[in-house]
Structures are given as C-alpha cells and as structure tokens.
Amino acid sequence: MSLEKSQKIIKVFGILSIISAILALLGGLAMLGIGGIGAATAGETADQELAMGIGVALFAGVAALLTGVVDLVEGIFCMKAAKDAGKAQPLWIVSIIAVVFAAITLITSFKNGTQEILSAVFSLAVNCFVLYLANNIKKHA
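For the working numbering, count along the sequence shown from 1 and bump the result up by 994.
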C-alpha cells in the first residue's frame, strides 16, 4: 500500500477514533456519576446486591474513561501521522497499546453476550488495521 493511501485511510480512522473517544469519555463520566449517586443514596444499611451494582458502575466508568483516553491519544496521533509521515512512531506505539487493550476486552467479553463479543472482535480488527497502517507509514517515512 502506498504512503499517500495509508495516510488518507489513517486520517479517516483518526477522526473516527476521536469521535469514539469523546463518546467513551462521556459514557465513563456518566457511569462514574451513576455510581457516585448510588453510593451517596445507599445509606449505611446497603444490601450486598446494591453494593455490587455500585462497584460495577464505578469500575465500568473507570474502564470507559481509560478506553476514551487511549482512543483520544490514538486519534490525535493518527491525525499527526496523516499530515507528516515522520510522526508515525508515536502512533505505532499507541496503536500497540490499543491492540493490547482491545485483546483484553475481547477476552473479558466472553462471559457476556454474543453482541459484546462481536463488538470486541470488530474493535480488535480496527486497532490491528491501524497498527498495520502505522507500520506502513513508518516504513515509508
């Protein structure tokens, strides 16, 4: 694949990554808010199921925030690599981190439903393709 074509594709993935990062950050903040409201209104005599639900909401919020930050950084580096091929090295490093996070998400999604597994597989495929493009741009630079 040529350098110009790789840069055009990586620009599109950068824009999509920034959009998904914003959505993940908003979702993470919402989950933290839900967990905080649940913890504040639970009182001292909270039952075990309520405490577990609050813990899951807080954990999901932190995980979504972490995913959003990684996606945002990946999107910013995608946009930089699309403009200047010499800046593909940071994108390559961040895309490796994103592939690792996507693989962990895929492994943990097996206990949930089929829809979450398919979403995790798609996310892993997209992150692997971004890694391929970053490697391609890095070689041509």
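Every residue gets a Cβ at the ideal spot worked out from N, C-alpha and C, and that includes glycine.
Item                                                                                                                        : Value
Selected residue, minimal CA-CA separation from ILE1098, among ALA1076, ASN1121 and PRO1084                                 : ASN1121
Cβ pair count under 8 Å reaching 3, the stretch 1122 to 1129 against the stretch 1075 to 1089                               : yes
Which of helix, strand or coil DSSP assigns to MET995                                                                       : coil
Local Cβ density within 10 Å of GLU1068, reported as buried at 16 or more and exposed below that                            : buried
Any alpha helix (DSSP H) of 4 or more consecutive residues that is wholly inside the stretch 1046 to 1108                   : 1082 to 1102
Cut-off 7 Å between Cβ atoms - residues of its own chain near LYS1132, not counting five sequence neighbours on either side : ALA1082, GLN1083 and TRP1086
Counted within 10 angstroms of its Cβ, other Cβ atoms place MET1025 as buried (16 or more) or exposed                       : buried
The stretch 1015 to 1022 in contact with the stretch 1047 to 1060 per 3-pair CB rule at 8 Å                                 : yes
7 Å CB neighbourhood of GLU1110 in its chain, flanking five on each side removed                                            : SER1103
Candidates VAL1093, ALA1135 and GLU1043, of which the one nearest SER1117 by Cα                                             : VAL1093
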